[in-house]
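Residue numbers (my numbering), protein chains in the order written: chain A, 22 to 279; chain B, 22 to 279.
Beta carbons are placed, not taken as given, at the ideal position from N, Cα and C, and that holds for glycine.
Being a predicted model, the structure only gives us computed values, none of them experimental.
Below is one structure, written out as structure tokens, with a few remarks after it.
Number of protein chains: 2
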Amino acid sequence: MRVPFHEVARRRERLRGLIRADGFLPVGEICRRLDISPATARRDLAAVAADGRITRTHGGALADYNAAFASVGERAGRARTAKGRVAAGAARQVPRQGVLFLDAGTTVQALARVLARRGGASRLVVVTNSLPVANVLGGVPGLELHVLGGTYLHRQAVLFGPEAIAALGKWRFAAAFLGGEGMDGSGVSNSHPEIAAFQRAVLQRTRAAWFLLDHTKLGTRTPHAVADWSRIGLVTDATVARLAAAGIHLPAQRLILV
Amino acid sequence: MRVPFHEVARRRERLRGLIRADGFLPVGEICRRLDISPATARRDLAAVAADGRITRTHGGALADYNAAFASVGERAGRARTAKGRVAAGAARQVPRQGVLFLDAGTTVQALARVLARRGGASRLVVVTNSLPVANVLGGVPGLELHVLGGTYLHRQAVLFGPEAIAALGKWRFAAAFLGGEGMDGSGVSNSHPEIAAFQRAVLQRTRAAWFLLDHTKLGTRTPHAVADWSRIGLVTDATVARLAAAGIHLPAQRLILV
DNA sequence: CCCGATATGATTGACATCGCTCATATAAAT
DNA sequence: ATTTATATGAGCGATGTCAATCATATCGGG
């Protein structure tokens, strides 16, 4: 009744693929397709869910689409309040009408969910390069959605590359909400060079740019600089003291603490 | 204990929005947010699921993202076998390498799932304008994914418009797999003018174009013509006799019956 | 070649969910 | 105003899901 390591690993990899391909898979279906008992299915599910990308639900498992389903993920983790509060703080900066850019990143996705809930009562045009954001915002009444084209980067579920930058050409944004991987005294940084280049291109076309960064990003610095603090705003759950300690000083009108 | 019609309708509309925004919602959560009993929550869920867009699961409900989760939806309906078989038939026409275009539509999504399962062992470049297809194919090893930009059309979860057509410019496809809404003796047709225009633009850039159309589309004709039968292939679960009866005659190498 | 480690599947009990019926209160119709 | 229709919540049994335990068979290492 025992099976080689590689066999287990291969089966779990396959399970991951199945869930990704189907979006949602009940336990019973998993048993049938992988020809294993419910007990093993659950164990595999737990293992696969443990290292991310898949979310466990009651009757089965859900593909994450990179955390598109944050309500599930957030409920499990502690980040819920932090991300949610940052998103709520940012949402107050979203005008009732105009052209908006929404970047990738889980916090920005949370903002998208807030906007989706807010729903009608507005005349927004939203442009995004994030697939999860598009999924959340697609079909919201009173909201026109445009998606930039590009190459798909799985790790962040984002479209990037020269096509994406070219697609920016015709747009000008009243406001943009972006994510990042690090912030310190020198500014905001990202780990992927082409993503950083893309974000810089967005900034050039934006009147009011806000970065949504929770406190875990504070003090970390990743290879590719996106912007210094001279012209961007910050929405964060960190404190003024800790920001100052990291060398970040921003005027009140460009800093939102939640 | 009774509540006005509009109240119920409004609450269900709100529920729809909540599920869309969160992706997945357990029954308990719905009770809390809408302040209703589990019984009413289930009833509302059933009502909302009945007219589509949302899929019921064991512990709650799932946003469809326009049938991205076909395994759930298909299991419920009868179309499963038909769509799945058409998709499997089309999959045999997919080369091991080269540049592919995948259109929107549930049958094409089924094809995408087949390709996702097939996984590695190939060197494919896939271009699509369908968000569900992108979701399914994103992150599949050995597969490079590009998404065309454009305006988001909720009803079909597709990106279209002049931006999408412009984004086609640089591409040439070895094969393309498209959906449609109707087929008769005159060819394939679609109900949305801009979608039809987009599909025609795809055809101009494609060596081998296949339309994936199940038998329910046979004989119906929608306002906007996409292509006649002179240069396109058809994958369908209809029979030769019924195709002939509808005035469709295709050489064997451009017709796949499943 | 032997022994410990571990993956598996069956079983069990606790719990949640589901679909149902039913009494009730209130909106809608006449 | 009376009657009908229907939305609601509670109670109920059936079913499904989950986590834990345990015997067993096989892999991995010595």
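*Can you say whether A/S151 is buried or exposed, counting buried as having 16 or more other CB atoms within 10 angstroms of its CB?*
Taking the first residue of the first sequence as position 1, residue 151 of chain A is located at position 130. Flag for A/S151 reads buried.
*asked:* Please report the distance separating the alpha-carbon of A/S58 from that of B/V29.
replied: For the purposes of this step, residue 58 of chain A is taken as residue 37 along the first sequence, with counting starting at 1. For the purposes of this step, residue 29 of chain B is taken as residue 8 along the second sequence, with counting starting at 1. When rounded, the distance between both Cα atoms is 43 angstroms.
*Within 8 angstroms, strictly: CB atoms of B/F219 and B/F181*: In the second sequence, the residue the question calls residue 219 of chain B occupies position 198. In the second sequence, the residue the question calls residue 181 of chain B occupies position 160. A contact, by the Cβ cut-off of 8 angstroms.
*Quick one, which of A/P25, A/R54 and A/A217 has its alpha-carbon nearest A/R14's?*
Residue 14 of chain A falls outside the range modelled here, since chain A spans only 22 to 279, and no answer is possible.
*For A/P162, which option in B/V161, B/H175 and B/I75 has the closest C-alpha, if you only look at C-alpha atoms?*
Locating residue 162 of chain A in the first sequence gives position 141, where the first residue counts as 1. Minimum Cα distance to A/P162 is reached at B/H175.
*Reference A/A265, options A/G119, A/M204, A/I51 and A/F194, closest by Cα*: Taking the first sequence and counting its residues from 1, the one referred to as residue 265 of chain A is at position 244. The shortest Cα separation from A/A265 among A/G119, A/M204, A/I51 and A/F194 belongs to A/M204.
*Could you list which residues in chain B have their beta carbon closer than 7 angstroms to that of A/R54, in chain order?*
As a working mapping, residue 54 of chain A is identified with position 33 in the first sequence. None at all; the shortest Cβ gap to chain B is about 10 angstroms.
*Could you name the residues of the same chain whose beta carbon sits closer than 8 angstroms to that of B/L121, not counting the 5 residues immediately before and after it, in chain order?*
Mapped onto the second sequence, residue 121 of chain B falls at position 100. Around B/L121: V115, L145, V146, V147, V148, F194, A195, A196, A197 and F198.
*Who are the near neighbours of B/G110 in its chain, counting only those whose CB is closer than 7 angstroms to its CB and skipping five residues on each side?*
Start at 1 with the first residue of the second sequence, and residue 110 of chain B comes out as number 89. Result list for B/G110: V256, I277 and V279, in chain order.
_Assuming B/R63 and B/V48 are in contact, meaning their beta carbons sit under 8 angstroms apart, how far apart are those beta carbons, in whole angstroms?_
By one-based count along the second sequence, residue 63 of chain B stands at place 42. By one-based count along the second sequence, residue 48 of chain B stands at place 27. Their Cβ separation, rounded to whole angstroms, is 7 angstroms, which keeps B/R63 and B/V48 in contact under 8 angstroms.
*Taking buried to mean at least 16 other C-beta atoms within 10 Å of its own C-beta, is A/F26 buried or exposed?*
For the purposes of this step, residue 26 of chain A is identified with residue 5 of the first sequence, where counting begins at 1. A/F26 should be labelled exposed.
*asked:* Can you tell me whether A/V215 is helix, strand or coil according to DSSP?
replied: Along the first sequence, read from residue 1 onward, the residue named residue 215 of chain A stands at position 194. The sequence shown places Glu at residue 215 of chain A, not Val. Of the three classes helix, strand and coil, the one that applies to A/E215 here is helix, per DSSP.
*Please list, in chain order, all residues of the same chain as B/A222 whose beta carbon is under 6 angstroms from its beta carbon, the five residues on each side excluded.*
Locating residue 222 of chain B in the second sequence gives position 201, counting from the first residue. Excluding positions up to five away in sequence, the list reads I186 and L189.
*Compare the beta carbon distance of A/A230 and A/G254 with 8 angstroms and say whether it is the shorter of the two.*
Position 209 of the first sequence, counting from 1, holds the residue named residue 230 of chain A. Position 233 of the first sequence, counting from 1, holds the residue named residue 254 of chain A. In this structure, A/G254 lies closer than 8 angstroms to A/A230 by Cβ.
*In whole angstroms, what is the alpha-carbon distance linking B/E202 and B/I40?*
If you number the second sequence from 1, residue 202 of chain B lands on position 181. If you number the second sequence from 1, residue 40 of chain B lands on position 19. In a straight line, the C-alpha of B/E202 is about 28 angstroms away from that of B/I40.
*asked:* For a cutoff of 8 angstroms on Cβ pairs, would you count B/F219 as touching chain A?
replied: Here residue 219 of chain B refers to the residue found at position 198 of the second sequence. It does not: the Cβ of B/F219 has no partner Cβ on chain A nearer than 8 angstroms.
_Boundaries (first-last residue) of the beta strand (DSSP E) holding A/T127_ = As a first step, residue 127 of chain A must be located in the first sequence, where it is residue number 106. It is not in any beta strand (DSSP E) - A/T127 instead sits in the alpha helix (DSSP H) that spans T127 to R139.
*Does DSSP put B/G98 in a helix, a strand or coil?*
Residue 98 of chain B sits at position 77 when you count from the first residue of the second sequence. At B/G98 the pLDDT is 42, less than 50, meaning the model places this residue with poor confidence and gives no usable figure here.
_Whole-number beta carbon distance between B/A70 and B/T61, since they are thought to touch under 8 angstroms_ = As a first step, residue 61 of chain B must be located in the second sequence, where it is residue number 40. As a first step, residue 70 of chain B must be located in the second sequence, where it is residue number 49. Not really, about 15 angstroms apart at Cβ, beyond 8 angstroms.
*Sorted by chain position, which residues of the same chain lie with C-beta nearer than 6 angstroms to A/R275's C-beta, five sequence neighbours on each side aside?*
Within the first sequence, residue 275 of chain A is the residue found at index 254, counting from 1. Correct list, in chain order: G254.
*With a cut-off of 8 angstroms on the beta carbons, I'd call B/T78 and A/G80 a contact; round off their distance for me.*
As a first step, residue 78 of chain B must be located in the second sequence, where it is residue number 57. As a first step, residue 80 of chain A must be located in the first sequence, where it is residue number 59. Indeed they touch by this definition, with Cβ atoms about 5 angstroms apart.
*Could you please tell me which residues of the stretch 148-162 of chain A, in chain order, have their CB closer than 7 angstroms to any CB of chain B?*
L152, A155, N156, V157, G159 and G160
*Contact set between A/G105 and chain B, taken where Cβ atoms lie within less than 8 angstroms*: One-based indexing of the first sequence puts residue 105 of chain A at position 84. Ordered by position in chain B, no residue passes the 8 angstroms Cβ test against A/G105, which lies about 12 angstroms from the chain.
*Answer yes or no: the CB of B/A266 versus the heavy atoms of the ligand SAH, is any distance below 7 angstroms?*
Among the components of this structure there are no ligands whatsoever, and the ligand SAH is therefore not found.
*Does the beta carbon of B/V168 come closer than 8 angstroms to any beta carbon on chain A?*
Within the second sequence, the letter at position 147 stands for residue 168 of chain B. It does; some Cβ of chain A falls within 8 angstroms.
_Mapping the DSSP letters down to three states, classify B/H245 as helix, strand or coil._
Translated into the one-based positions of the second sequence, residue 245 of chain B becomes position 224. If DSSP states are grouped into helix, strand and coil, B/H245 belongs with the strands.
*So, B/L166 versus B/G159, is the Cβ gap smaller than 8 angstroms?*
Translated into positions along the second sequence, residue 166 of chain B becomes position 145. Translated into positions along the second sequence, residue 159 of chain B becomes position 138. Yes, these two residues count as a Cβ contact at 8 angstroms.
*Where A/G44 and B/A155 are concerned, what is the direct C-alpha to C-alpha distance, given to the nearest angstrom?*
Here residue 44 of chain A refers to the residue found at position 23 of the first sequence. Here residue 155 of chain B refers to the residue found at position 134 of the second sequence. C-alpha separation (whole angstroms): 12 angstroms.
*Between B/V261 and A/L132, what straight-line distance do the alpha-carbon atoms span, to the nearest angstrom?*
Here residue 261 of chain B refers to the residue found at position 240 when the second sequence is read from its first residue. Here residue 132 of chain A refers to the residue found at position 111 when the first sequence is read from its first residue. In a straight line, the C-alpha of B/V261 is about 52 angstroms away from that of A/L132.
_Which residues of the stretch 234-246 of chain A have a Cβ closer than 7 angstroms to any Cβ of chain B? Give them in chain order._
none
*Can you give the Cα-Cα distance for A/S210 and A/T241, rounded to whole angstroms?*
Start at 1 with the first residue of the first sequence, and residue 210 of chain A comes out as number 189. Start at 1 with the first residue of the first sequence, and residue 241 of chain A comes out as number 220. Those two C-alpha atoms are separated by around 9 angstroms.
*How many angstroms separate the CA atom of B/G208 from the CA atom of B/A246?*
As a first step, residue 208 of chain B must be located in the second sequence, where it is residue number 187. As a first step, residue 246 of chain B must be located in the second sequence, where it is residue number 225. About 7 angstroms.
*Between the Cα of A/P272 and those of A/R33, A/V135 and A/W250, spot the shortest distance and give me the residue it belongs to.*
Position 251 of the first sequence holds residue 272 of chain A. Among A/R33, A/V135 and A/W250, the Cα nearest to that of A/P272 is on A/W250.
*Give the DSSP bridge partners of A/V148, in chain order.*
Reading the first sequence from its first residue, position 127 is the one you call residue 148 of chain A. A/V148 pairs with A/F122 and A/H167.
*Using a Cβ-Cβ distance under 8 angstroms, would A/V31 count as near chain B?*
Here residue 31 of chain A refers to the residue found at position 10 when the first sequence is read from its first residue. For clarity, residue 31 of chain A is Arg in the given sequence; the question names Val instead. False, the Cβ-Cβ gap to chain B never drops below 8 angstroms.
*Work out the CA separation of A/C52 and A/A281 for me, nearest whole Å.*
It is not possible to answer for residue 281 of chain A, since the shown part of chain A is limited to 22 through 279.
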